[in-house]
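Residue numbers (my numbering): 1 to 557. Each remark here refers to the structure printed beneath this line.
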Ligand code: G4P
């Protein structure tokens, strides 16, 4: 990839310079203060329904950051990735993205890390893990569709993490819904208070530009051929805008006054608390409004900041290196059959080759093979700072949520798992291939593709648990294509899961329709054939342990 996209992941043989322009030596980089580098980092994920414009907007970010000269590269690269990968056949068939990757580029002397998330509710758990590594999210909504039911779960996941969320109302070049109505919808369905920073001038379909509510000016755009280069932009003061745009301008101003009256104005502290969402309108296709969002990422998204450890103590940015694993992926590319761990840097300076301590095992972990990852493409990464993501190769001993640190011990909190809603027992179709089946099951469990539940009383048939049905599909596909074992999945009648303990387990022995299973980490779960049943028991026996939170951390469902 190096060379194809200027400024993206070109850490290469030398670290990037402070300005991101030319490589500097590692010795010189060592003089750069870690907190200064952290302050330049903006790490965020895009959350959107498939087709809302995530790929297009990503590409336009690169265009405006000067990382590509003409838009078109990301799509081409995404196509390349799909053509190359193994289990991505499902992605291609369904038009969704399952794998997550990380894109890094510089903009206005800041280093922007964009973490990709699967765009489908069935992979909400995966999204949740990626969001653990992000400092903010950009939510894209198609102006014609608004908040789509299928995606609601992803947005809820964002809310559960109290992440700051920027909203982009996309596709304004086409006929769409009334933006005021969309604001109500965001507030009602997601519980986020939208605070428009820009407002459309001209109705969707005849979109002229935006009213910038920060100074009342009009930003008028003219599109370029196929939106391949930046839109031509002109800033007009309100008097001239009124003269040239007439009623379209007056309507935008009226809407803006109305928004002032109801208090829908930018408020940085509630944005940082994950309560309000600065909203921008535009069209990723024609590049209208794209620069505003990118500027907001630099100006509003919090920089990488000290992270709390499992006991709630903040690890200073300048402390020795520490980070946590938020994603594990094996066999991403048939050409590299390996285990990759994605690590979010939380403190200190990562220098490739350093030896780290792995918590909880206490074993040493060598980082000779550290990579930046975008799809199936990888570049060696030599240096990274808080906010960055490092891909560690040959990481078969690492698990999601594990901490890696240098010198000063730290343990970051575990990443919560979701209460699964779908269950199926899994057996190998061909009993002669049970070894391959077991190996695949263990690996896919480690990656969090599905949760694997076992009977503590001896039934050897494992039960798979998932949030969405497509997780089972990915499981079966990968088991067959990567491990050579076909699975026979039989739906199990359970609908709800609760974390429980040994004492409650004894009580539940006499309860019809309840079943006790255990996860690999030892957690006991009680499964119920209806959520109602679980709720009734919670109500009737407040002293029993029936916790909808499946691991330490926050409640997500
Ligand atoms: P995704 O990654 O969220 O799934 O969405 P993606 O960017 O691939 O966009 C989905 C479709 O919506 C694409 O059309 C894309 O061109 C279109 N699109 C994205 N942003 C805008 C916009 O601002 N205005 C309009 N009118 N369309 C937009 P496609 O026909 O599926 O693909 P393509 O042939 O254009 O590549």
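Using N, Cα and C, we set each Cβ at its ideal position, and we do this for glycine too.
* **Enclosing beta strand (DSSP E) for residue 194 [first to last residue]** => 193-196
* To do: Flag this pair as yes or no: are the beta carbons of residue 65 and residue 105 separated by less than 8 Å?
  => yes
* Asked: Is residue 51 near the ligand G4P, in the sense that its beta carbon is under 7 Å from a heavy atom of that ligand?
  -> yes
* **Whole-angstrom C-beta distance between residue 440 and residue 485, which should lie under 8 Å** => 6 Å
* **DSSP bridge partner residues for residue 278 (one or two, in chain order)** => 195
* To do: Flag this pair as yes or no: are the beta carbons of residue 47 and residue 117 separated by less than 8 Å?
  => yes
* To do: Helix, strand or coil for residue 452, going by three-state DSSP, please let me know.
  => strand
* Since residue 474 sits in a beta bridge, which residues does DSSP pair it with? -> Looking at the DSSP assignment, residue 474 forms no beta bridge with any residue, so it has no partner.
* Asked: When every heavy atom of the ligand G4P is checked, does at least one fall within less than 7 Å of the C-beta of residue 151?
  -> no
* To do: Pick out whichever of 434, 287, 249, 35 has its Cα sitting closest to the Cα of residue 216.
  => 249
* For residue 318, which residues of its own chain have a beta-carbon under 8 Å away from its beta-carbon, when the five flanking residues on both sides are left out? -> 33, 34, 35, 347, 348
* Length of the line joining the Cα atoms of residue 12 and residue 169 -> With a pLDDT of only 25 at residue 12, under 50, the local geometry of the prediction cannot be trusted, and no value is derived from it.
* At which residues does the alpha helix (DSSP H) containing residue 38 begin and terminate? -> 34-39
* **Complete beta strand (DSSP E) runs within the segment 472-516 (minimum length 3 residues, chain order)** => 487-491, 496-500
* Asked: What is the DSSP secondary structure of residue 542, counted as helix, strand or coil?
  -> coil
* Same chain only: Cβ atoms within 6 Å of residue 426, ignoring 5 sequence neighbours per side -> 462, 464, 487, 489
* To do: Taking the CB atoms as reference points, tell me whether residue 328 and residue 509 lie closer together than 8 Å.
  => no
* Asked: Where residue 536 and residue 189 are concerned, what is the direct C-alpha to C-alpha distance, given to the nearest angstrom?
  -> 27 Å
* **Limits of the beta strand (DSSP E) - the one that residue 247 falls within** => Unbroken run through residue 247 is the alpha helix (DSSP H), 247-261; no beta strand (DSSP E).
* Would you identify the three-state DSSP class for residue 241, choosing helix, strand or coil? => helix
* Is any heavy atom of the ligand G4P found at a distance shorter than 7 Å from the C-beta of residue 45? -> no
* Asked: What is the DSSP secondary structure of residue 101, reduced to helix, strand or coil?
  -> coil
* Do you know how far the Cα of residue 255 is from the Cα of residue 198? -> 11 Å
* To do: Enumerate in chain order the residues of its own chain whose CB-to-CB distance from residue 539 is below 7 Å, with the five nearest sequence positions on each side excluded.
  => none
* Taking only the alpha-carbon atoms, compute the straight-line gap between residue 164 and residue 325 and give it to the nearest angstrom. => 22 Å
* What do you get for residue 202, buried or exposed, if any count of 16 or more other CB atoms within 10 angstroms of its CB means buried? -> buried
* Could you spell out the range, first to last residue, of the alpha helix (DSSP H) harbouring residue 179? => 179-185
* Taking 7 Å as the cut-off, is the CB of residue 145 close to at least one heavy atom of the ligand G4P? -> no
* Counting Cβ pairs, one atom from each stretch, are 3 or more of them under 8 Å apart for the segment 220-239 and the segment 258-273? -> no
* Start and end of the beta strand (DSSP E) containing residue 329? -> 322-330
* Could you check if residue 307 is buried or exposed, using at least 16 other CB atoms within 10 Å of its CB as the buried criterion? => buried
* To do: Starting from residue 445, trace the beta strand (DSSP E) both ways and give me its first and last residue.
  => Careful: residue 445 lies outside any beta strand (DSSP E), inside the alpha helix (DSSP H) at 434-446.
* Skipping 5 residues on each side, what residues in its chain have a beta carbon closer than 7 Å to that of residue 533? -> 513
* **Opposing strand residues paired with residue 371 [DSSP bridges]** => 380, 391
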